[in-house]
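S.K.: Per the numbering used here, the very first residue in the sequence shown carries number 3; after that it's consecutive. Before I ask anything, here is the structure I am working with.
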Amino acid sequence: MARDFFTMDDFDLSGRTVLLRVDINSPINPATGQLLNDARIREHLTTIRELRRSKVALLAHQSRPGKDDFTSLEVHAERIGTLLGRPVRFVPSLFGRPAVEAIQGMRVGDVVVLENTRFYSEEEALADAKLEKMATTHIVQRLAPLAEYFVLDAFAAAHRAQPSLVGFCEVLPSMAGRVMERELTMLARAVQDPARPKVAHLGGVKADDSIAVARHMLEKGIVDKILTSGGVANLFLDASGIDPGPPTTAFMRKEVDDYDPLIVECKALLSTFRGRI
Numbered sequence: 003m004a005r006d007f008f009t010m011d012d013f014d015l016s017g018r019t020v021l022l023r024v025d026i027n028s029p030i031n032p033a034t035g036q037l038l039n040d041a042r043i044r045e046h047l048t049t050i051r052e053l054r055r056s057k058v059a060l061l062a063h064q065s066r067p068g069k070d071d072f073t074s075l076e077v078h079a080e081r082i083g084t085l086l087g088r089p090v091r092f093v094p095s096l097f098g099r100p101a102v103e104a105i106q107g108m109r110v111g112d113v114v115v116l117e118n119t120r121f122y123s124e125e126e127a128l129a130d131a132k133l134e135k136m137a138t139t140h141i142v143q144r145l146a147p148l149a150e151y152f153v154l155d156a157f158a159a160a161h162r163a164q165p166s167l168v169g170f171c172e173v174l175p176s177m178a179g180r181v182m183e184r185e186l187t188m189l190a191r192a193v194q195d196p197a198r199p200k201v202a203h204l205g206g207v208k209a210d211d212s213i214a215v216a217r218h219m220l221e222k223g224i225v226d227k228i229l230t231s232g233g234v235a236n237l238f239l240d241a242s243g244i245d246p247g248p249p250t251t252a253f254m255r256k257e258v259d260d261y262d263p264l265i266v267e268c269k270a271l272l273s274t275f276r277g278r279i
């Protein structure tokens, strides 16, 4: 199957400075600040290990403003170092002088983890702005001159138009990391396969994204049915008049932004695509 994007196989990254955007957004105990699960971190180890002959500045986010687990990436850097079996430096700066000096001082094989990209206001405030605008943001203007390549490996966040995800693609040679490459390849295979019926499974508490995906897939005829689980299923249960229970509803209202508007959206989808969700 032909691909329409560059991968790490298309460039010689040896000795080069690489900005690597990953998605290591992980469950964290708000009381202790400790990671509860490192599965997402482990997913990116293949990409990081393949860049062992490069100088890697790692960009990532953790949660979002207002959430209990909206924290620094220091604990993530520690876990990456433990899993790699070598030192990984955390820098409590995103594009300030400490970050710039850390990147400039890297040697081949070094990995530096910069601060949570969502600590930086333009990451959220300029979401969905034009790409040209993303390229003029402080994070891109400060970090791009320090690097030679940009590797996007954050598949789970790649649907978001934010500076750390799409801004560097405008100014640096860019490519997919191994997680991104794998997911795009499998997704293309699933979508392009002519076999029917086709079923998509959507779940988790990021319900706004899942509901948008469900609408798109059903409207475009990409799939015939949608199976839901987790938070997405609870929203559709509520929308269909089935009470998921007070504890579940309380949890969902806490974790899901715009809960009531999403219920309205779910009701519309259930009506339009009757029997298919």
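Ideal Cβ placement from N, Cα and C applies to all residues, glycine included.
Can you say whether Asp283 is buried or exposed, counting buried as having 16 or more other CB atoms within 10 angstroms of its CB?
M.R.: Look at the range of the chain in this structure, 3 to 279, and you will see that residue 283 is not part of it.
S.K.: What is the rounded straight-line gap between the Cα of Ala156 and the Cα of Asp25?
M.R.: About 5 Å.
S.K.: How many angstroms separate the CA atom of Leu47 from the CA atom of Phe13?
M.R.: Looking at the two C-alpha atoms, the distance is approximately 19 Å.
S.K.: Less than 7 Å between the beta carbons of Ala79 and Val115, yes or no?
M.R.: Cβ distance < 7 Å, so Ala79 and Val115 count as in contact.
S.K.: Using only the alpha-carbon positions, how far apart do Met188 and Glu45 sit?
M.R.: If you take the alpha carbons of Met188 and Glu45, they lie about 16 Å apart.
S.K.: Relative to the C-alpha of Asp195, which residue among Ser166, Gly223, Gly277, Leu204 is closest?
M.R.: Among Ser166, Gly223, Gly277, Leu204, the Cα nearest to that of Asp195 belongs to Gly223.
S.K.: The beta strand (DSSP E) with His161 in it runs from where to where?
M.R.: His161 -> no beta strand (DSSP E), and no H or E assigned at all.
S.K.: Please tell me whether Met108 and Leu154 are closer than 7 Å, where the distance is taken between their beta carbons.
M.R.: Contact: no.
S.K.: Quick test of your reading: Val207 and Glu257, contact by CB under 8 Å. State the CB separation rounded to the nearest angstrom.
M.R.: Between Glu257 and Val207 the Cβ distance is about 5 Å, and since that is below 8 Å, they are a contact.
S.K.: Can you tell me whether DSSP reads Phe170 as helix, strand or coil?
M.R.: Three-state DSSP puts Phe170 in a helix.
S.K.: Rounding to the nearest angstrom, what Cα-Cα distance links Lys69 and Met254 in this structure?
M.R.: When rounded, the distance between both Cα atoms is 13 Å.
S.K.: Cβ of Arg66 within 7 Å of Cβ of Ser166?
M.R.: Contact flag unset, no.
S.K.: I'd like the span of the beta strand (DSSP E) that includes His203, first residue to last.
M.R.: Element bounds for His203: 201 to 204.
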